[in-house]
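Chain order of the listed sequences is A and B.
Read in order, the letters of the first sequence correspond to residues 0 to 115 in the working numbering.
Read in order, the letters of the second sequence correspond to residues 22 to 136 in the working numbering.
By construction, the Cβ of each residue, glycine as well, lies at the ideal position given by its N, Cα and C atoms.
Comments concern the structure below.
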Amino acid sequence: EAGVTQFPSHSVIEKGQTVTLRCDPISGHDNLYWYRRVMGKEIKFLLHFVKESKQDESGMPNNRFLAERTGGTYSTLKVQPAELEDSGVYFCASSQEERGSYNEQFFGPGTRLTVL
Amino acid sequence: AQKITQTQPGMFVQEKEAVTLDCTYDTSDPSYGLFWYKQPSSGEMIFLIYQGSYDQQNATEGRYSLNFQKARKSANLVISASQLGDSAMYFCAMRGRGGYQKVTFGTGTKLQVIP
């Protein structure tokens, strides 16, 4: 079975441009999470989808970030316009879990975003 | 709010030796779960081990064991018989119980295994 996949693996853009990251969760996983790691810092939660609904978006840094999960399958994270501080590695994770359980979140390989 | 602290930015260990990676946490949740993930140079995050706050015994998975000391709020990862393939970043993480809970990560420890 395929794991969580993310595209692209690397993206280099200039400040002010737009970038869209894609995450394909494991088939059948209702829960999809986005995380970000800025160089040298901890991995921080961005948001959580349950199917197509945003369950928790408390970690989204500002309104330049827009996440969607149409149809409850893959998700996109758009950064528009990108700023220098947006550089980092963006991870996606998915899980198949019930409320309150501890089921594992499976992580994708991440997208390394560099804003110049 | 939850917080994970990993005070060792980098560690070296001789091949075949054991190594302990430190992790302390802070939370007001009465019930929670603690995790360790490994991130090799290829970038993927690999789940290693899980410990529930009410589990009576320390978790073990092969060469990995979690030294859980609840009163000290520590959840150190012990890797026995280190192998060259263990060289990677290691992240300690936690999530609370009840509802949907996001994972809170530490800053990570870079482990290098020396031949």
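For residue i, the first and last residue of its enclosing beta strand (DSSP E)
i         : result
A:Ser-52  : 52-55
A:Arg-63  : It is not in any beta strand (DSSP E) - A:Arg-63 carries neither H nor E in the DSSP assignment.
B:Leu-87  : 85-90
B:Gln-133 : 130-135
B:Tyr-71  : 67-73
B:Gln-122 : Premise fails: B:Gln-122 is in no beta strand (DSSP E) and is neither H nor E.
A:Ser-10  : 9-12
CB contact below 7 angstroms: residue i versus chain B
i         : result
A:Gly-87  : no
A:Gly-15  : no
A:Phe-6   : no
A:Glu-103 : yes
A:Glu-84  : no
Inter-residue spacing [alpha-carbon to alpha-carbon] between residue i and residue j
i         : j        : result
A:Met-38  : B:Glu-82 : 30 angstroms
A:Ser-26  : A:Asn-61 : 30 angstroms
B:Ser-103 : A:Thr-69 : 44 angstroms
A:Thr-110 : A:His-47 : 17 angstroms
Chain A within 7 angstroms of residue i, Cβ atoms only
i         : result
B:Lys-24  : no
B:Lys-94  : no
B:Gln-127 : In the sequence as presented, Gln is not what sits at residue 127 of chain B; that position holds Gly. Chain A, which has a Cβ nearer than 7 angstroms to the Cβ of B:Gly-127, makes this yes.
B:Phe-68  : yes
Helix, strand or coil at residue i [DSSP, three-state]
i         : result
A:Leu-83  : helix
B:Leu-105 : helix
B:Thr-81  : strand
B:Thr-26  : strand
A:Thr-69  : helix
A:Val-3   : coil
Chain-ordered chain D contacts of residue i [CB-CB under 7 angstroms]
i         : result
A:Gly-109 : Any reference to chain D falls outside this structure, whose protein chains are A and B.
Proximity test, residue i beta-carbon vs the ligand NAD heavy atom, cut-off 6 angstroms
i        : result
B:Gln-77 : Looking at this structure, you won't find the ligand NAD or any other ligand, since it has none at all.
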